Amino acid sequence: MRKSLMIVLAAALLVAVLPAAAELQNVQVGGSIQIRANYYSNLVPNSDTVGPGALGATQIIWPAFFLPRRAIGSGAFNGNGVLSAFSWDEESNDLQFVEQRTRLNVKADFTNEVSAFIELDSYDIWGEDFRSDYITGGDFRAVSNDDVEIYQAYIEANEMFGLPIRMRVGRQELSFGSEWLIGVNDARSQFRGLSFDGLRLTYATDILSVDAFATILAEGGVGEQDGDVNFYGVYASYKGLENISIDAYWLWLRDARSLNDTANNAILEFWEDVFNLDDYDVTNLHTVGLRGAGTVGALDFEAEVAYQFGDADQVGFLFKPFQYGDDDADFEAWGANLEVGYTFDFTWTPRVFLGGAYFDGEDNRDLSFGEWMNPYYAFNPKSSVSFNRLFSNWEYSEFFDNSDLSNAWIARGGVSVKPTESVEVLLAVSYFETLEEFDQPAYFTFGNFKVPLAPALSFWTQESDQYLGTEVGLYVTYDYSEDLQFKAGWAHLFTGDGLSDGNFSSGNGLLFNGGTDDKDSDYVFVETKLCF
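At position 115 of the sequence shown the residue is numbered 133 (my numbering), and the sequence of numbers has no breaks.
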């Protein structure tokens with residue numbers, strides 16, 4: 019809470035130095051309406067929940083009693099075991115829904131380079147807010163507890179103190195580089211947006227810009243002396259080369275929420291101190307990175323590499339084969355992204371591109387025979403920590419990447435053409451593999467069921483396949499006018515054995531992507547967006 023208070027005090031001090039005589043000069047009103055109809059086949063398990071917003075469910079792939087002494091990452095005593103939000107099964111119901119995001123903003127410009135910006139938004143699924151139950155006539159159906167939110171609300175001052183310094187304080191979007199690690203969550207379906215509460219300072223000249231920000235992600239209140247989640251960063255861009263930007267950055271996510279495997283037992287606490295158990299530190303995720311992007315003639319490129327380090331106790335806390343988690347977990351992971359394209363100067367101006375991505379990962383969920391025999395091992399488990407995608411706005415797959423695919427590598431390629439000035443067509447192909455595969459309990463198959471050979475012998479395993487699948491996508495964008503745009507797309511996933519078996523590549527390497535079959539999946543969408 020102290021660090022959050024420092025952010026607030028710093029922001030208040032900067033606001034206090036703004037000119038007191040600023041007068042209103044101009045008011046602008048804007049906004050957007052974005053609507054997308056989505057269809058997925060063979061993707062999600064059936065849900066027992068029927069009602070507004072019931073878009074999916076999870077299913078148990080491996081119950082906890084098939085995984086004795088293994089650190090899976092599902093909570094104390096391995097929770098319910100290995101769960102999955104995917105099915106890859108034609109017996110599952112298709113997922114169909116229409117989503118809509120409505121945004122309305124007002125910007126007020128004052129004298130002395132001062133302005134204020136307020137934006138409201140609402141994200142909805144069609145049918146979840148209809149206000150009447152036609153059977154009974156009762157007006158109680160609407161899911162309206164958080165329909166309209168203050169998405170952004172900040173004060174901005176430019177040219178502060180006669181210098182090229184801009185200050186923004188309040189709730190605001192943060193977008194840096196290609197949004198590979200920090201973006202606004204609007205790239206694919208379920209475009210809910212993302213904004214941060216905090217302070218941002220920008221120093222910008224023609225060849226150099228430096229941003230520094232401090233934000234509060236979760237306020238711990240008075241429950242703890244230091245129990246907040248904060249996100250800080252410094253992002254610098256050099257633009258002294260024509261049509262090229264070179265960026266460097268440092269990001270720091272600090273999670274000070276307390277973690278305890280046990281509590282309120284003095285005798286137990288004594289023995290935990292003796293054996294160094296239940297001793298979690300503050301989670302500190304540091305990310306340092308470099309990025310280069312730009313164009314050289316007809317060639318364009320986007321390249322970024324980042325390294326993460328620090329204490330990962332919030333992750334280690336999840337890995338509990340019994341009562342205790344891994345209180346010595348660390349972030350030590352690399353991530354990289356590359357795309358190179360070439361645009362031809364003839365009819366339809368085709369652009370071909372190749373790209374790839376790499377997200378370091380771990381899977382330490384297996385046991386050796388010695389670890390299985392060692393009674394102390396279960397009290398000192400080893401967690402599996404992969405590269406954390408933070409607040410990325412990149413989605414490499416329409417099916418199993420919700421901006422959080424990790425413990426994986428991807429190869430991509432494609433071609434785009436512009437038959438007219440207002441129409442663009444894109445054909446893309448992507449190949450996916452996991453890096454560290456999951457060790458399933460040794461099993462035999464009976465129909466579509468996996469039957470463990472010896473559940474108690476949890477050291478006896480067989481590796482999942484690493485090949486997750488190949489995805490082909492075809493997308494069309496039509497700019498009807500400067501304000502109105504239409505999009506349509508189709509993607510097909512050739513499901514690999516790595517998805518049929520299942521691996522921990524979703525959820526930053528913490529969520530399982532296996533299903534109950536190996537069927538391919540299709541995704542179709544139609545979208546329209548109006549900006550004003």
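Heads up, the beta-carbon is just placed ideally off N, CA and C, and yes, glycines get one too.
Computed from a predicted structure; not experimentally measured.
Let me make sure I understand the geometry here. Which of the options has the alpha-carbon closest to that of residue i?
i	options	result
residue 75	102, 441, 81, 454	102
residue 582	336, 339, 332, 354	The chain is shown only over 19 to 550; residue 582 falls outside these bounds and no answer can be derived.
residue 93	498, 340, 488, 336	336
residue 466	109, 541, 514, 86	109
residue 546	121, 190, 503, 213	503
residue 506	167, 475, 444, 527	444
residue 388	543, 291, 477	477
residue 401	393, 329, 135, 419	329
residue 312	132, 176, 195, 168	195
residue 145	450, 55, 133	55
residue 527	396, 62, 421	421
residue 542	487, 416, 515, 244	416
residue 43	81, 134, 123	134
residue 86	438, 390, 191	390
residue 136	127, 169, 295, 153	169
residue 381	453, 515, 53, 132	453
residue 10	315, 292, 210	Residue 10 falls outside the range modelled here, since the chain spans only 19 to 550, and no answer is possible.
Leaving out the 5 sequence neighbours to the left and right, which residues in its chain are closer than 6 Å to residue i when beta-carbon positions are compared?
i	result
residue 114	57
residue 359	318, 369, 371
residue 222	182
residue 264	256, 310
residue 232	25, 216, 217, 250
residue 455	481, 482, 484, 521
residue 247	235, 236, 273
residue 587	A query on residue 587 cannot be resolved here, the shown segment of the chain reaching from 19 to 550 and no further.
Express the C-alpha separation of residue j and residue i in angstroms, rounding to a whole number.
i	j	result
residue 530	residue 129	54 Å
residue 533	residue 219	46 Å
residue 333	residue 347	7 Å
residue 442	residue 434	7 Å
residue 13	residue 495	Because the chain is modelled from 19 through 550, residue 13 falls outside the range shown and cannot be assessed.
residue 229	residue 250	11 Å
residue 424	residue 117	27 Å
residue 279	residue 338	9 Å
residue 481	residue 91	18 Å
residue 125	residue 269	29 Å
residue 448	residue 83	37 Å
residue 156	residue 149	8 Å
residue 70	residue 151	Bear in mind that a pLDDT of 48 at residue 70, under 50, signals an unreliable position, so the number given afterwards is only what the model happens to contain. Computed Cα separation, rounded: 12 Å.
residue 304	residue 512	36 Å
residue 283	residue 173	49 Å
residue 308	residue 253	10 Å
residue 245	residue 238	5 Å
residue 551	residue 524	What the structure shows of the chain is the stretch from 19 to 550, and residue 551 is not part of that stretch, so it cannot be assessed.
residue 187	residue 404	33 Å
residue 429	residue 516	16 Å
residue 267	residue 324	9 Å
residue 176	residue 62	48 Å
Please go through the same chain and pick out, in chain order, the residues whose beta-carbon is closer than 7 Å to the beta-carbon of residue i, but skip the five residues on each side of it.
i	result
residue 549	50, 501
residue 297	345
residue 225	256, 257, 258
residue 479	384, 457, 458, 459, 460
residue 112	57, 58, 59
CB-CB under 8 Å to residue i, same chain, minus the five flanking residues each way: which ones, in chain order?
i	result
residue 518	106, 483, 532, 533, 535, 536
residue 165	140, 142, 147
residue 399	89, 337, 338, 339, 342, 343, 344
residue 463	469
The ligand MN and residue i: does any heavy atom of the ligand fall closer than 6 Å to the residue's C-beta?
i	result
residue 239	Ligands displayed in this structure: none; no statement on the ligand MN is therefore possible.
Under a CB-based cut-off of 7 Å, is residue i close to chain B?
i	result
residue 381	In the displayed structure, chain B is absent; only one protein chain is listed.
**Prompt:** Is there contact between the region 91 to 98 and the region 127 to 141, where contact requires at least three CB pairs shorter than 8 Å?
**Reply:** Because the criterion of three Cβ pairs below 8 Å is not met, the region 91 to 98 and the region 127 to 141 do not touch.
**Message:** Three Cβ pairs or more, each shorter than 8 Å: is that satisfied between the region 194 to 209 and the region 401 to 412?
**Reply:** The region 401 to 412 and the region 194 to 209 touch, with three or more beta-carbon pairs separated by less than 8 Å.
**Prompt:** Which ranges does the beta strand (DSSP E) cover as unbroken runs of at least 3 residues, wholly within the region 80 to 123, from first to last along the chain?
**Reply:** Within the region 80 to 123, the complete beta strand (DSSP E) runs of at least 3 residues are 100 to 102.
**Prompt:** At what residue ranges does the region 201 to 227 contain a whole run of the beta strand (DSSP E), taking only runs of 3 or more?
**Reply:** Inside the region 201 to 227, DSSP marks whole beta strand (DSSP E) runs of 3 or more residues at positions 214 to 222, from first to last along the chain.
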